[in-house]
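Residue numbers (our numbering), protein chains in the order written: chain A, 339 to 837; chain B, 27 to 82. Heads up, the beta-carbon is just placed ideally off N, CA and C, and yes, glycines get one too. Just below is one structure, and these are the notes that go with it.
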C-alpha cells in the first residue's frame, strides 16, 4: 500500500443532487455512509464519481434548483475542485480538476450502483460481457478503429459502384461499340464510292455513246451532201444531154445515145433522190438518238444518284453516333471539370487511388483485428483468473467455477458441475457474482485505483455475506465506500468507520 | 509467434505506427469523435494511395 493513500480524504459538496452542503471525511478502510431514504446518499456518490470519471452527465449531478454547484476534495495534501454551472438555456456544464488517479473506466470497475453498470447487468440476467471488457481493456479503441475503417471501406466501395465508375467498367464495351461504328462508317463510305464510280461509269458510257452518234451523224451528213452533189451533177448532165439532143438529128445514132443517156441520168437521179431520202431519214433518226442521249446524260448529271441519299443519311447517322459514343467514352474515362471531388481527373487514376485506400484500410483492419483479439483474449483470461481467485479466497463453495467463455458469455458452474443460467440465480447470489466480477475487473484493469464504491446494495443481501465481501475488497483497495439505508439516522449522510 | 505477427504487420503496413498514436489520442479524448477518427483514417489512406506508390 502506498503511504500517501493512507491519508484521509476530505469531501465537500455544494448544491449536488439534493445536498445543499455536506462535508465528509473518508478514512482508509471501509467507510459506511448511513442515511435514510432520499437524504442524498446517491447524490454524494455521484459527486464523488465526478472527480474521477465523466460518465455521469453534469445535469444529473447539479441540484435541480441550483445554477452553480461544487465538489471539493482534499487528497494527499492537495485540493481538487470541480464546478458545475447551469447556463441560461438550462444546459449544465462542468469544469475544474480531476483527482490524480482519475480514469473514466473506474465507473465500470469501481462503482457498484444498483441502477447501472455490471450490478444492474447481472441482476437483470445479462450474460454477455464483451463490451464491458472492451471498455476496460481499451479493446474498444481497436474496435472503434476497425468499425471506422470498415465504414470507410463501405463508403469507398459504394462510391466505386456508383455511376461514374460504373461507366468506366463499361469502357471496354463502349470502345468495342465505337470500333463497330467506325467499321460501319468505312463500309458506308466504300459503298458510296462504289455507287459514285458506277454512276460516273454510266455517265461516261452515255457520253461516249453520244459522241459516237454525233460522229456517225457527221459522217452521214457528209454522205448526204455527197449524194446531193451527185444529184446536182446528174441533173446538170441531164440538162447538157437535153441541150445536145435539141441540136442533134432526131433519128441519128447520136440522138439515140443521147436519149439513152438522158434516161440513164433520170434513173440515176431517181436513185440519188431515193438515197437522199433514206439518208435524211437516217440523219433524222440519228438526231433523235442524239437528243435522247443528251437528255439521258443531262438527267444522269443533274438527278441524284440512285441509293446515294439513303447511304448519305446512314453515313450522317453513323457520324452522329460516333460523336455521341466518343463523348460517352470521354465521360467514362475522365471526370468532368466541374466535378466537386475529382475535377478533370482520369477515372482510371481515381479508381486506382480508391482501391489503394481500401487496400490500406484492409491492412489496418487486419492489424487491429489481430491486436483486438490478443488484447481481449488476454483481458478475458486475466479477468477469469481474478474471478476464480476471489471465489476461492472468499470460500464460496457453492460455486465451482465462474468464467467468461471465448464469446464473453458468463458461465456459472455449481459445486456439482451443473451449469446454471445467470438469470436463475437468487437475488443475493446475483449480487455476490456482480460484486466479484466488478472487483475482478478492477484488479485486472485498474489495480492501482484507490477507491471502491458500493451504493445501497444491502437491501436484498445477506448481511454476513455482504460483510465478508466488503472485508475482502478492503484488503485490496485503500478506500472502500459503502452507502446503506438507516432509518433512525439523522437527515443527512454520516460516515461510520469500520476499519 | 503472435508477437512476431504484430511486428511484421506493423512493419508491413505503411504509416501504421504514426496513425495508431494519433488514433489513440483521438480516442482518449473525453468526447471520442468517430468522425474525427474516420477523417484521420481517410488522411492516411489518401497518403498511402498517393505517396506510397509514387514513382511506381
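C-alpha distance - residue 694 of chain A paired with residue 782 of chain A, whole-angstrom precision: 40 Å
8 Å contact criterion, which residue 519 of chain A and residue 660 of chain A should meet: CB distance rounded: 5 Å
Every unbroken alpha helix (DSSP H) inside the segment 440 to 476 of chain A [4 residues or more]: 444 to 447, 455 to 461 and 468 to 475
Proximity of residue 431 of chain A and residue 419 of chain A at Cβ, strictly below 8 Å: no
Identity of the residues DSSP links to residue 723 of chain A by a beta bridge: Residue 723 of chain A pairs with nothing; no bridge assigned.
Residue 41 of chain B - DSSP class collapsed to helix/strand/coil: coil
Cut-off 6 Å between Cβ atoms - residues of its own chain near residue 406 of chain A, not counting five sequence neighbours on either side: 423
Top-ranked residue by Cα proximity to residue 624 of chain A, from A:550, A:526, A:647 and A:679: A:550
Inter-residue CB distance, residue 833 of chain A and residue 375 of chain A (contact presumed, cutoff 8 Å): Contact flag wrong, Cβ pair sits at about 18 Å.
Among A:425, A:417 and A:393, the one whose alpha carbon lies nearest that of residue 402 of chain A: A:425
Identity of the residues DSSP links to residue 773 of chain A by a beta bridge: Answer is none; residue 773 of chain A lacks a bridge partner.
Contact list for the segment 378 to 389 of chain A against chain B, Cβ threshold 7 Å: none
Contact list for the segment 720 to 739 of chain A against chain B, Cβ threshold 8 Å: none
Any alpha helix (DSSP H) of 4 or more consecutive residues that is wholly inside the segment 500 to 546 of chain A: 501 to 507
Under the three-state DSSP convention, the category residue 412 of chain A falls into: strand
Alpha carbon of residue 354 of chain A to alpha carbon of residue 442 of chain A, nearest angstrom: 20 Å
Residue(s) in a DSSP beta bridge with residue 483 of chain A: In DSSP, residue 483 of chain A forms no bridge with anything.
Where the segment 351 to 375 of chain A meets chain B: residues whose CB sits under 8 Å from a CB there: none
Contacts that residue 64 of chain B makes with chain A (C-beta to C-beta distance below 9 Å): 486, 487, 489, 490 and 493
Assigned exposure category for residue 398 of chain A - 16 Cβ within 10 Å defines buried: exposed
Contact list for residue 413 of chain A against chain B, beta-carbon separation under 9 Å: Chain B residues near residue 413 of chain A: none, gap ~21 Å exceeds 9 Å.
CA-to-CA distance, residue 819 of chain A to residue 365 of chain A, given in whole angstroms: 9 Å
Secondary structure of residue 353 of chain A, DSSP reduced to three states: strand
Cut-off 6 Å between Cβ atoms - residues of its own chain near residue 737 of chain A, not counting five sequence neighbours on either side: 729
Touching by the beta-carbon criterion (3+ pairs, under 8 Å), the segment 499 to 506 of chain A and the segment 469 to 477 of chain A: no
Rounded straight-line distance, which links the Cα of residue 481 of chain A to that of residue 32 of chain B: Confidence at residue 32 of chain B is low in this model, with a pLDDT of 47, below 50, so its placement is unreliable and the value that follows should be read with caution. So the alpha carbons of these two residues sit roughly 17 Å apart.
Cβ of residue 430 of chain A within 8 Å of any chain B Cβ: no
Buried or exposed (CB count within 10 angstroms, at least 16 for buried), residue 339 of chain A: No answer about residue 339 of chain A holds up, because its pLDDT of 41 lies below 50 and its placement is not dependable.
Proximity to residue 466 of chain A [Cα-Cα], best of A:744, A:562, A:517 and A:823: A:744
The segment 65 to 74 of chain B in contact with the segment 37 to 45 of chain B per 3-pair CB rule at 8 Å: yes
Check: residue 452 of chain A C-beta below 7 Å from any heavy atom of the ligand COA: Only the bare structure without any ligand can be found here, which leaves the ligand COA out of the picture.
Residue 431 of chain A - containing beta strand (DSSP E), residue span: 430 to 434
Validate contact between the segment 761 to 776 of chain A and the segment 447 to 458 of chain A using beta carbons, cut 8 Å, 3 pairs: yes
Assigned exposure category for residue 359 of chain A - 16 Cβ within 10 Å defines buried: exposed
Proximal residues of chain A, C-beta to C-beta of residue 49 of chain B below 7 Å: 483
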